[in-house]
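Heads up, the thing below is written out as structure tokens.
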Amino acid sequence: MHTFEADLPRKQKVILVMDMVESVRLMAANETDVIQRWRQFVHQATDGVLPTHGGRLVKSLGDGIMVEFDDARQAVGAALQLHRSMNSGNAGLPPEQQMLMRAGIHDSHVYVDSIDIYGAGVNLAARVATLAGPGEIVVTAPVRDGLTDGLDAELEDLGECYLKHVEEPVRVYRAGPAGPRPVVTPQREYAATLQPTIAVIPFEARSNEPEHFAIGELIADGVIGQLSRTADLRVISRLSSTAFRGRQASVADIETQLGATYVLSGSYIASGGKLLISAELADARSNQVAWAERLSGDVGDLLQIDSELCHRIAAAAHSAVLNTEVQKALSKPLPTLESCSLLLGGIALMHRSSAREFERGRAVLDALVERHNKVAAIRAWLAKWYVMRIMRGLSDSPARDTRLALEQTERALDIEPDHALTLAVQGHAYCQLSGEFDKAHDCLDRAVAANPNEPMAWLFKSVLSTMWGSSAKSVDEAEHSCALSPLDPLKYYFDLFLAAALLADHDHAKAMFYAKRSLRGNRTHAPTLRMLLTAQVESGLMDDAHVTLKQLFQETPMLTVSNYLAFGSAASSTRQRCAAAMRALGVPE
11 MHTFEADLPR KQKVILVMDM VESVRLMAAN ETDVIQRWRQ FVHQATDGVL
61 PTHGGRLVKS LGDGIMVEFD DARQAVGAAL QLHRSMNSGN AGLPPEQQML
111 MRAGIHDSHV YVDSIDIYGA GVNLAARVAT LAGPGEIVVT APVRDGLTDG
161 LDAELEDLGE CYLKHVEEPV RVYRAGPAGP RPVVTPQREY AATLQPTIAV
211 IPFEARSNEP EHFAIGELIA DGVIGQLSRT ADLRVISRLS STAFRGRQAS
261 VADIETQLGA TYVLSGSYIA SGGKLLISAE LADARSNQVA WAERLSGDVG
311 DLLQIDSELC HRIAAAAHSA VLNTEVQKAL SKPLPTLESC SLLLGGIALM
361 HRSSAREFER GRAVLDALVE RHNKVAAIRA WLAKWYVMRI MRGLSDSPAR
411 DTRLALEQTE RALDIEPDHA LTLAVQGHAY CQLSGEFDKA HDCLDRAVAA
461 NPNEPMAWLF KSVLSTMWGS SAKSVDEAEH SCALSPLDPL KYYFDLFLAA
511 ALLADHDHAK AMFYAKRSLR GNRTHAPTLR MLLTAQVESG LMDDAHVTLK
561 QLFQETPMLT VSNYLAFGSA ASSTRQRCAA AMRALGVPE
């Protein structure tokens, strides 16, 4: 019997994989037109482009082609010409109807027969193509070694990238110009892409009284101060943004000059100590309004340290940024999203009500980990996703998800040993999932020492105190956490743990208040429902508790006392009290 190797010759080949971007959407919109244009493209490739460059078409799959070459220059030359051919076919068409290709090229030993090529190198070429944006060519290091920079193509080092089902990172380069929506950002630009940047322009007066001109600066100062207290945004300094006061500059001008992703601006009218403000937040990338509102208040409010007007503007703008990025994460292909959209979208989606959106959160974070493998914060958030999956009762294997959560925190700490958020999440996992008090205590103390202003560190210290320490201390820690992040878009999450701390301190009225406020932010969050249910039972509000239990069963229909106690720290007094409340309501053992 012949072996596989004996049947097929093994040759060194350069493999080009090109496929159509968003082919499903294009087919759904006009199937016959797309098919006709695709056939024309393949005809041009096989009769014109490939013979000129020494390429053999191995296969055409209806929205992609695979071609083999003998050297890298032929492959890149053909890919560049194929892109130009496709662009010619797009001439005169609106953007939504244009067909765009992406290309990946790899040099490898493959097995060859008369109709196909086989081997790991073929699969890797296809994976590399996923790193290319529309109109781009991405090549591996062996291909790059066969090219002359500036002569065969302009080459840009994209660094080491992690590919799905490929264990080790792959060094890749962009050959030719970047497309309109690059998938991979060069390594030197990574740090600047993880947060949206917002510029707050001094608001304009709608009256001519000189004494009112300073009000616009006061509004901008107050809003900048509020927004600067969140880790989700990069805020342009007032010294830079104030240069645009009165210039009537376009959003595009501000984006170009300040690098702003979002621009917050507005106008105001002051009369008799009263103030009417019109505020607008624009997405600089699309030049569309993300949020607009009219607000009224007192001029004197702007002189307060915590101005209510500035807080309202900052909170609304922050929420609008978050919602805009989440919609992108829900509606656009993950590889084409900017990293800031992936991060904010992933964080927000893991805190959304529906199980579908929660699962989407992990997909978003997984994509971001592949793109930024050496950024600790991303792995910390992914670890937190696994913790939340267990605590929400959505995990089919709590032991597995506990292991995955801790693996992500360990890998993050290998990258940055004193990363406060990672230490906080790791401490939370030890506390909530494995009941390892000493390890949890050590991680959370290290987190606070690394960054005393990390809200999650104080929040999870409160959880530890609630379960194993002082209930009064847990309330102080939870309140301190809330004060550190007053604009946090995940306010419901902070309210949950404040409610838990108050319940541990036997302040049932306040515990129910904050649990209900938490549910207004996330009405289906099972841990919050369990907290409210416990406070209601211990307060003798059995009818209310039965209503809460009904909601809880809708979220976790297989709930029993034993499977609730099966994950996490069953011995803690908090969990025992919750189990007792569920038994009192007739939850099956």
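In our numbering, the protein residues as written are 11 to 599.
Every residue, glycine too, gets a C-beta built ideally from N, C-alpha and C.
C-alpha distance - residue i paired with residue j, whole-angstrom precision
i	j	result
residue 213	residue 268	17 Å
residue 469	residue 374	25 Å
residue 150	residue 59	22 Å
residue 128	residue 120	6 Å
residue 475	residue 509	13 Å
residue 117	residue 57	24 Å
residue 237	residue 97	43 Å
residue 330	residue 336	10 Å
residue 589	residue 386	36 Å
residue 190	residue 518	55 Å
residue 327	residue 531	17 Å
residue 228	residue 323	13 Å
residue 280	residue 306	10 Å
residue 428	residue 178	25 Å
residue 14	residue 146	Summary for residue 14: the model assigns pLDDT 48, below 50, so the residue's position carries little reliability; its value from the coordinates is reported in the next sentence. Answer to the nearest angstrom: the Cα atoms are 35 Å apart.
residue 364	residue 399	12 Å
residue 39	residue 100	16 Å
residue 69	residue 76	5 Å
residue 44	residue 507	53 Å
residue 20	residue 123	9 Å
residue 133	residue 432	34 Å
residue 342	residue 278	37 Å
residue 369	residue 362	10 Å
residue 416	residue 242	24 Å
residue 293	residue 34	28 Å
residue 407	residue 180	32 Å
Paired residues, beta bridge with residue i - DSSP
i	result
residue 163	159
residue 171	180
residue 76	27 and 69
residue 20	121
residue 115	26 and 149
residue 284	281 and 308
residue 276	289
residue 127	122
Integer-rounded CB distance, given that residue j should sit under 8 Å from residue i
i	j	result
residue 606	residue 49	The requested residue 606 is not part of the displayed model; the chain covers only 11 to 599.
residue 512	residue 521	4 Å
residue 381	residue 194	7 Å
residue 397	residue 435	7 Å
residue 103	residue 137	Incorrect: roughly 30 Å between the Cβ atoms, too far for contact.
residue 457	residue 430	5 Å
residue 584	residue 477	5 Å
residue 514	residue 484	6 Å
residue 319	residue 313	Wrong, their Cβ atoms sit about 11 Å apart, outside the cutoff.
residue 246	residue 207	6 Å
residue 205	residue 239	Not quite, the Cβ-Cβ distance comes to about 14 Å (not below 8 Å), so this is no contact.
residue 163	residue 131	Between residue 131 and residue 163 the Cβ distance is about 21 Å, and since that is not below 8 Å, they are no contact.
residue 392	residue 358	Contact flag wrong, Cβ pair sits at about 14 Å.
residue 64	residue 91	Residue 64 to residue 91, Cβ: 13 Å. No contact.
Contact set for residue i: own chain, Cβ-Cβ below 7 Å, skip 5 residues either direction
i	result
residue 593	571
residue 463	494
residue 142	112, 113, 114, 148 and 193
residue 202	Interpretation of residue 202 is limited by its pLDDT of 45, a score under 50 that renders its predicted location unreliable; the figure taken from the coordinates is listed afterwards. No residues qualify anywhere along the chain.
residue 347	338 and 339
residue 491	465, 468, 469, 472 and 504
residue 159	165
residue 260	none
Contacting residues, own chain, Cβ-Cβ under 8 Å from residue i (five flanking each side not counted)
i	result
residue 595	543, 547, 552, 555, 556 and 559
residue 613	Shown here, the chain extends from 11 to 599; a query on residue 613 therefore has no answer.
residue 352	339, 344, 374, 375, 377, 378 and 381
Distance cut-off 7 Å: residue i Cβ against heavy atoms of the ligand ZN
i	result
residue 470	The model on display carries no ligand, and the ligand ZN is accordingly not part of it.
Neighbourhood of residue i by C-beta distance below 6 Å, restricted to the same chain and skipping five residues each side
i	result
residue 446	440
residue 587	544
residue 388	378, 379 and 382
residue 153	82, 115 and 117
residue 211	251, 254 and 275
residue 426	386
residue 461	430
Kindly provide the ranges of any alpha helix (DSSP H) runs that are 4 or more residues long and lie completely inside the region 180-259, ordered along the chain.
Every alpha helix (DSSP H) stretch that sits fully inside the region 180-259 and reaches 4 residues is listed by chain position as 223-237 and 248-251.
Mind listing, in chain order, the continuous alpha helix (DSSP H) runs of no fewer than 4 residues lying wholly within the region 377-415?
Contiguous alpha helix (DSSP H) elements confined to the region 377-415 occur at 386-401, taking only those with 4 or more residues.
Beta strand (DSSP E) segments (min. 3 residues) lying fully within the region 447-526:
The beta strand (DSSP E) runs of length 3 or more contained entirely in the region 447-526 do not exist; there are none.
Alpha helix (DSSP H) segments (min. 4 residues) lying fully within the region 295-373
Listed in chain order, the complete alpha helix (DSSP H) runs (minimum 4 residues) inside the region 295-373 are 318-341 and 349-359.
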